[in-house]
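A short write-up of the structure that comes next.
Numbering (full-length UniProt numbering), first residue to last: 1 to 361.
This is the structure:
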């Protein structure tokens, strides 16, 4: 057992606090990881606002890279000293998805069995089973993916959630390939990552849609060939005009509200694909669309959870592309901050001032 500093959300809507946290020694199948960097993701703000669950207090943070400090009995995939990116999809290998050769859809993922606690013994709920706004965290060993230690922690850790979700939405879920046209609605961190993924896949035309010109500039820097400010022009008409009147082969909704999903539905070509990767609020529904339109347009309507990624396959590959200069993960790091600056980072995120603030430990 050791005591370290970490960021805790004690109650819904209240500012986060820096607390002393007790981290147990790793048990069977577990690992303790010394965190080097952790991105401030919108999901962490959802936790603080009670939008995920009411299992307060939460230990926030989950987009992280660090070094394995110690492992428990039976751990063979990582060892002390390994440089890892943490993930929240530690696959079980035995559920019906894993047995049919689709571990990226694993229905029984792992987290650490033991609980980290406040010094008075209050158990903490780690964000996405990780909790990485902390000097050292306890996770299941399967949540640790070894990557090349040359990768900068502030950039590498972002694969742990938002960047992987966006890239995977394009490549894994949307199946973007050479020559396809792609439109991405919403150009925050996840949307810009989807644009970067479409560029990696050699899409012919990549259309970025947002209401904020600053975000559209970010999108251009990550591979968008065209931009549309939907505050001043109709998004569906603009996407159709940029694709010969047909619509895009793949349209990715990185916002997750009924209005943008409906735009995505009508902005795709016949037999095109809609991918929902923006996380919807629990109180919203799919907008009313004539069922004949669903039937008549064909194609696919998909949701993308964590970019349908398999961390053991995707993280090392994307880090390799980063180190070879083909994927600019550094472009997602707007600022580096201290562990006590998380609350101010939430405010900047809320106002759209950053792609990612990254806590450096």
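Using N, Cα and C, we set each Cβ at its ideal position, and we do this for glycine too.
Beyond the five residues adjoining it in sequence on each side, residue 73 comes within less than 6 Å, by CB distance, of 28 in the same chain, given in chain order.
Exclusion of the five residues before and after residue 150 leaves 323 as the residues of its chain whose Cβ lies within less than 7 Å of its Cβ.
Between residue 320 and residue 82, the CB-CB gap reaches or exceeds 8 Å. Distance from the Cα of residue 209 is smallest, within the candidate group 228, 200, 299, for 228.
Counting the other CB atoms within 10 Å of its CB gives residue 89 a total of 16 or more, which places it among the buried residues. In the three-state DSSP reduction, residue 205 falls in the strand class (E or B).
Runs of beta strand (DSSP E) with 3 or more residues, each lying fully within the segment 293-352, are found at 300-303, 335-337, listed in chain order.
An exposed status is given to residue 291, since fewer than 16 other beta-carbon atoms sit within 10 Å of its beta-carbon. Taken through DSSP and simplified to helix, strand or coil, residue 4 comes out as strand. Residue 181 is bridged by DSSP to 205. Ranking 283, 242, 244, 230 by CA distance to the CA of residue 263 puts 230 first.
The Cβ atoms of residue 339 and residue 5 sit closer than 8 Å to each other. Annotation for residue 289: 262, 265 place their beta carbon closer than 8 Å to its own, counting only its chain and skipping 5 residues before and after. Contact between the segment 126-146 and the segment 100-111 is present: 3 or more CB-CB pairs across the two stretches fall below 8 Å. Residue 55 counts as exposed, since fewer than 16 other beta carbons sit within 10 angstroms of its beta carbon. With the rule of 3 Cβ pairs closer than 8 Å, the segment 158-172 counts as touching the segment 183-191. Under the three-state reduction of DSSP, residue 61 is assigned to coil, being neither helix nor strand.
By alpha-carbon distance to residue 24, the top candidate from 171, 94, 47, 3 is 3. The DSSP-derived three-state label of residue 110 is strand. Residue 37 and residue 225 have their C-alpha atoms some 31 Å from each other. Selection 302, 358, 268, 343 evaluated against residue 18 yields 343 as nearest (Cα-Cα). When beta bridges are read from the DSSP output, residue 156 appears opposite no residue. For the beta strand (DSSP E) assignment, the uninterrupted runs of no fewer than 3 residues enclosed by the segment 126-177 are, from N- to C-terminal side, 136-140, 144-146.
Of the residues 270, 348, 357, 12, the one whose Cα lies closest to the Cα of residue 335 is 357.
According to DSSP, residue 226 shares a beta bridge with 207. Counting along the chain, no alpha helix (DSSP H) covers residue 19; the unbroken beta strand (DSSP E) around it starts and ends at 17-23. Distance between residue 135 and residue 270, taken at the CA atoms: about 50 Å.
Residue 95 is bridged by DSSP to nothing; it lacks a bridge partner. Assignment of beta-bridge partners to residue 122 by DSSP yields no partner.
Beta-carbon to beta-carbon, residue 197 and residue 176 are separated by about 7 Å, close enough to satisfy the 8 Å threshold. Within the same chain, 181, 182, 183, 207, 239, 267, 268, 269, 272 come within 7 Å of residue 248 by CB-CB distance, once the 5 residues on both sides are set aside. By alpha-carbon distance to residue 185, the top candidate from 80, 276, 92 is 276.
In this structure, the beta-carbon distance from residue 255 to residue 278 falls below 8 Å. Here the C-alpha atom of residue 297 lies approximately 19 Å from the C-alpha atom of residue 258. Sixteen is the threshold: since fewer than 16 other Cβ atoms of the shown chains lie within 10 Å of the Cβ of residue 120, the residue is exposed.
Non-local C-beta neighbours of residue 215 in its own chain, meaning closer than 6 Å and more than five positions away in sequence, comprise 187, ordered along the chain.
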